[in-house]
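Quick notes on the structure that follows.
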Amino acid sequence: MSKSTCTQGRRYILLYATAMGWRLVRRVGPYSEVLLLHKTKGSPLLGKSPRPILYNLFRGPQYSPRCGFRVETCRLQSTTTSLENTKDDLPLSGITVVSLEQAIAGPFCTRQLADLGARVIKVERPGQGDFNRHHDQRVKGMCSHFVWTNRSKESLALDLKQSGDLDALKKIVAKADVFVQNLAPGATERMGLGYEALKEKHPGLIVCDISGYGSTGPYRNKKAYDLLIQAESGFLSISGSPSQPAKAGNSIADIAAGTTAFNNILAAIIQRGKTGKGCRLDVSMLESMAEWMTFPLYYSYEGAPPPVQAGAEHASIYPYGPFQTGGDGTVMLGMQNEREWGIFCRDVLQKAAVANDDRFATTSLRSKNRKELRAIIEEVFSAYEADDVLEKLQTAGVANAKVNDMAGLWAHPQLKARDRWTVVDSPNGRIPALKPAGAAEGLPVRMDPIPAVGEHNQAIFKEFAIQR
Numbered sequence: 485m486s487k488s489t490c491t492q493g494r495r496y497i498l499l500y501a502t503a504m505g506w507r508l509v510r511r512v513g514p515y516s517e518v519l520l521l522h523k524t525k526g527s528p529l530l531g532k533s534p535r536p537i538l539y540n541l542f543r544g545p546q547y548s549p550r551c552g553f554r555v556e557t558c559r560l561q562s563t564t565t566s567l568e569n570t571k572d573d574l575p576l577s578g579i580t581v582v583s584l585e586q587a588i589a590g591p592f593c594t595r596q597l598a599d600l601g602a603r604v605i606k607v608e609r610p611g612q613g614d615f616n617r618h619h620d621q622r623v624k625g626m627c628s629h630f631v632w633t634n635r636s637k638e639s640l641a642l643d644l645k646q647s648g649d650l651d652a653l654k655k656i657v658a659k660a661d662v663f664v665q666n667l668a669p670g671a672t673e674r675m676g677l678g679y680e681a682l683k684e685k686h687p688g689l690i691v692c693d694i695s696g697y698g699s700t701g702p703y704r705n706k707k708a709y710d711l712l713i714q715a716e717s718g719f720l721s722i723s724g725s726p727s728q729p730a731k732a733g734n735s736i737a738d739i740a741a742g743t744t745a746f747n748n749i750l751a752a753i754i755q756r757g758k759t760g761k762g763c764r765l766d767v768s769m770l771e772s773m774a775e776w777m778t779f780p781l782y783y784s785y786e787g788a789p790p791p792v793q794a795g796a797e798h799a800s801i802y803p804y805g806p807f808q809t810g811g812d813g814t815v816m817l818g819m820q821n822e823r824e825w826g827i828f829c830r831d832v833l834q835k836a837a838v839a840n841d842d843r844f845a846t847t848s849l850r851s852k853n854r855k856e857l858r859a860i861i862e863e864v865f866s867a868y869e870a871d872d873v874l875e876k877l878q879t880a881g882v883a884n885a886k887v888n889d890m891a892g893l894w895a896h897p898q899l900k901a902r903d904r905w906t907v908v909d910s911p912n913g914r915i916p917a918l919k920p921a922g923a924a925e926g927l928p929v930r931m932d933p934i935p936a937v938g939e940h941n942q943a944i945f946k947e948f949a950i951q952r
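Converting from the sequence shown to my numbering requires adding 484 to each position, the first position being numbered 1.
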């Protein structure tokens, strides 16, 4: 069938179909009405359309199909642009995610789901909220980490040590498609929110557990923060210099885990569309970083020496890294084949003979003799400002980059030319924000506000009929 179906004046978008039913969604003013048609007996529905079932359903009970269907409906507060303005709507519109999250990995995962149209209900502590709200006050009094990872969400403040609040969360999770949590291993099990407890009542629920080391194994209960996982994964052993290992300047272990969780949730939603069944995802920060470390792992295969700590230079390809210019400038350049090396020597250095120097005849020899080669390159570059060197490299077709600082990234001409900046609302006013990278052409960009702690409590309580 087509992506949408219209019956009795009601236009629905098909989210997914299985052999035993369909899940559809439509806009009703400020709400999303989610409709689940699940076949309880009879032959599978392979290749069938929900249109006749919807038609009889809306004509009245006397017209309901005799083959047997369980019909569930749920009205959710809409957090995306109206259906009329979005054509086929955002990919995850109608999907509800409940996230018991803090720090970076969980929030980064769910913000990406929100970018694609999912409704994300973020569960926080009353008053304080996610502790990541308080690490700094750099963005109009708000924390830079929190601003980055929490737009387009609804904040629900609950004290889960109180039975009433815990029961409220269980009631909301029962209506969700995805439940994400990055508490310490075992915490949700003690609350009755572990996968084994949830799947019996909610077989279609996707549960994503994010932790430092996974839910099993000897490191299961070990505390894990981003820098600790950078160390444990071996990342520090290949970064920085031999005298001073260096961490990444961003939370890459958290980002790796959040991205891994995001990817696997998308796959689980697709799989559920085929089987009608949810699943559990056990995402480990260590395993996510280990995947990112697979090149240096293989480089040191069977006891071979690992990549050298080369600072900002490439460990095995040279010249590939930063070089000083005149005026205390720095440029980044790289080449990865002999043709580019010859062009660089002839057209940029204007020393064609260097390309034929036996010390620099191959990539491995250039890497081995990088100290001598650096001296030759920087002697030439010292006569020019950084921008002049970049122009020479670009004209010669040699890969290059400006070594930007944060001010340079804020003002980057390519981001401006591609209209990558917009604004989002927050409790402290409007702030600039980058649009989601790689969004599909023709679809709207979702940039809803960053929530205050507990901002959506009353609306959510009313929607789910929770008495306070």
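Even glycine gets a Cβ: it sits at the ideal position worked out from N, Cα and C. In this text, all values refer to a predicted model and were calculated from it rather than measured experimentally.
Item                                                                                                                                                                                : Value
On the DSSP bridge list, what partners appear for residue 692?                                                                                                                      : 664, 765
Check whether the stretch 659-678 touches the stretch 580-590, taking contact to mean three or more Cβ pairs, one atom from each stretch, closer than 8 Å.                          : yes
Which partner residues of residue 884 appear in the DSSP bridge assignment?                                                                                                         : 817
What residue does the alpha helix (DSSP H) around residue 823 start on, and which one ends it?                                                                                      : 822-827
Could you tell me whether the stretch 932-951 touches the stretch 626-642, using the rule of 3 or more Cβ pairs below 8 Å?                                                          : yes
Using a Cβ-Cβ cutoff of less than 8 Å, which residues in the same chain neighbour residue 570 once the five nearest sequence positions on both sides are dropped?                   : Per-residue confidence for residue 570 stands at a pLDDT of 46, beneath the threshold of 50, marking its modelled position as unreliable; no derived number is given.
Would you mind working out which of 723, 894, 838 sits nearest residue 822, comparing C-alpha positions?                                                                            : 838
In angstroms, rounded to a whole number, what distance separates the CA positions of residue 952 and residue 626?                                                                   : 30 Å
Please classify residue 905 as buried or exposed, where buried requires at least 16 other C-beta atoms within 10 Å of its C-beta.                                                   : exposed
Quick check for students: name the residue ranges of the alpha helix (DSSP H) that lie wholly in the stretch 569-644, counting only runs of 4 or more.                              : 589-599, 628-633
Identify whether residue 565 lies in helix, strand or coil by the three-state DSSP scheme.                                                                                          : Because residue 565 sits at a pLDDT of 38, beneath the cut-off of 50, its placement in the model cannot be relied upon, and the point is left open.
Starting from residue 746, trace the alpha helix (DSSP H) both ways and give me its first and last residue.                                                                         : 736-759
If you reduce the DSSP assignment to three classes, tell me which class residue 709 lands in.                                                                                       : coil
Among 762, 809, 682, 590, which has the Cα closest to the Cα of residue 869?                                                                                                        : 809
Output the boundary residues of the beta strand (DSSP E) element that contains residue 809.                                                                                         : Note, residue 809: premise wrong, no beta strand (DSSP E); not H, not E.
If you draw a straight line from the C-alpha of residue 800 to the C-alpha of residue 857, how long is it?                                                                          : 14 Å
Could you please give the first and the last residue of the uninterrupted beta strand (DSSP E) stretch that includes residue 657?                                                   : Not the beta strand (DSSP E): residue 657 falls in the alpha helix (DSSP H), residues 647-657.
Just how far apart, CA to CA, sit residue 702 and residue 931?                                                                                                                      : 41 Å
Tell me, to the nearest whole angstrom, how far the beta carbon of residue 851 is from that of residue 773; I am working on the premise that it is less than 8 Å.                   : Contact flag wrong, Cβ pair sits at about 26 Å.
The beta strand (DSSP E) with residue 950 in it runs from where to where?                                                                                                           : Element bounds for residue 950: n/a, residue is neither H nor E.
Determine which residues share a DSSP beta bridge with residue 857 and list them.                                                                                                   : Its beta-bridge partners do not exist; DSSP assigns none.
With DSSP as the reference, label residue 547 as helix, strand or coil.                                                                                                             : Residue placement at residue 547 cannot be trusted, given a pLDDT of 47 that sits under 50; what the coordinates show is reported in the next sentence. Helix at residue 547.
In terms of residues, what are the limits of the alpha helix (DSSP H) holding residue 923?                                                                                          : Looking at the DSSP string, residue 923 is not in any alpha helix (DSSP H), and its letter there is neither H nor E.
Taking contact to mean at least 3 C-beta pairs separated by less than 8 Å, is the stretch 740-757 in contact with the stretch 683-691?                                              : yes
Given that a residue counts as buried once 16 or more other Cβ atoms are within 10 Å of its Cβ, and exposed if not, what is residue 834?                                            : exposed
Does residue 757 get closer than 8 Å to chain B when you measure Cβ to Cβ?                                                                                                          : Of the protein chains in the structure, only one exists, and it is not chain B.
Pick from 668, 891, 797: whose alpha carbon is nearest that of residue 704?                                                                                                         : 668
In or out: residue 811 buried (at least 16 other Cβ within 10 Å) or exposed?                                                                                                        : exposed
Which residues bound the alpha helix (DSSP H) around residue 847?                                                                                                                   : 847-852
Leaving aside the five residues before and after residue 765 along the sequence, list all residues of the same chain whose C-beta is less than 8 Å from its C-beta, in chain order. : 690, 691, 692, 693, 745, 748, 749, 752
Taking all protein chains shown into account, do 16 or more other C-beta atoms lie within 10 angstroms of the C-beta of residue 759, making it buried, or fewer, making it exposed? : exposed
How many angstroms separate the CA atom of residue 681 from the CA atom of residue 697?                                                                                             : 22 Å
Going by other Cβ atoms of all chains shown within 10 Å of its Cβ, with 16 needed for buried, is residue 547 buried or exposed?                                                     : A caution first: residue 547 carries a pLDDT of 47, below 50, which makes its placement in the model too unreliable to give a value.
Going by Cα to Cα distance, which pick from 872, 840, 679 is closest to residue 761?                                                                                                : 679
Is residue 780 helix, strand or coil by DSSP?                                                                                                                                       : helix
By Cβ distance below 6 Å, which residues in the same chain neighbour residue 840 in space, the five residues on each side in sequence not counted?                                  : none
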